[in-house]
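S.K.: Residues are numbered in the numbering used here as their position in the sequence shown, beginning at 1, plus a constant of 31.
Just dropping this structure here.
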Amino acid sequence: EDTLFAIRFHAAGCTFSIFFFVLVGWRPKSSLKSLLRQYYLYYQAFGCMGFPSMTPMFFFRPWLFFLVFMACLFMTQSLVLAGLVFLGCSTADFIALCGCKRRMYSSVGHYLLWDWLVRGAEQAGFLNGLWLRLSRRIKLPDADREAIKQYRILLRRLG
């Protein structure tokens, strides 16, 4: 995980240099599964390292919409009406995010991918990493513990 690598690098006293004419390659993920796995593993590592500043923002929107869907289904006994209410809530949220928070989404699918699926993978990964850390199923070397502690102090100072 590159964050832990950077922390170890900094703890060893190494410095960074910036070069302006360096070419860096990057390829997008080939499937949705690999993209979600990438974000899951990122946040699992943050949970294992105990980074409270890297916790994913807990989001209520999908869960709230699901509860509204279930309540509507229970009250009306109509799957179609409950589905329309769910779609209406999702559409209103999409419009509100595009307008109020000035996020730019190219489509509703883009919104569902990043605000629902990727955020869900982040939360699941972070909770799994936190569980692994608290249940002592992973062992951080003492040098890493100290380096992470110093890095947290640096993050607090920066903002």
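Glycine is no exception: its CB is placed at the ideal position from the N, C-alpha and C atoms.
Note that this is a predicted model, so its numbers are computed, not measured.
For the pair the stretch 155-175 and the stretch 56-73, tell me if three or more CB-CB distances fall below 8 Å.
M.R.: Touching, yes, given that three or more Cβ pairs across the two stretches are closer than 8 Å.
S.K.: For Ile126, does the count of other Cβ atoms within 10 angstroms reach 16, so buried, or fall short, so exposed?
M.R.: Looking at its Cβ environment, which holds fewer than 16 other Cβ atoms inside 10 Å, Ile126 is exposed.
S.K.: Please check the pair Ile38 and Ala152, which I expect to be a contact at CB under 8 Å, by giving their CB distance rounded to whole angstroms.
M.R.: With 8 Å as the limit, Ile38 and Ala152 do not qualify as a contact, their Cβ atoms being about 23 Å apart.
S.K.: Between the C-alpha atoms of Ala123 and Leu63, what's the straight-line distance to the nearest angstrom?
M.R.: Ala123 and Leu63: Cα-Cα distance of roughly 25 Å.
S.K.: In the structure shown, what three-state DSSP assignment does Tyr142 receive?
M.R.: Three-state result, Tyr142: helix.
S.K.: Got a sec, what are the start and stop residues for the alpha helix (DSSP H) Cys79 sits in?
M.R.: Unbroken alpha helix (DSSP H) run through Cys79: 63-80.
S.K.: State the Cα-Cα distance for the pair Ala113 and Leu95, rounded to the nearest angstrom.
M.R.: Roughly 13 Å separates the two Cα atoms.
S.K.: Go ahead and pull the three-state DSSP assignment for Lys60.
M.R.: The answer is coil: DSSP assigns Lys60 none of H, G, I, E or B.
S.K.: Quick check on Gln181: buried or exposed, where buried means 16 or more other Cβ atoms within 10 Å of its Cβ?
M.R.: Label assigned to Gln181: exposed.
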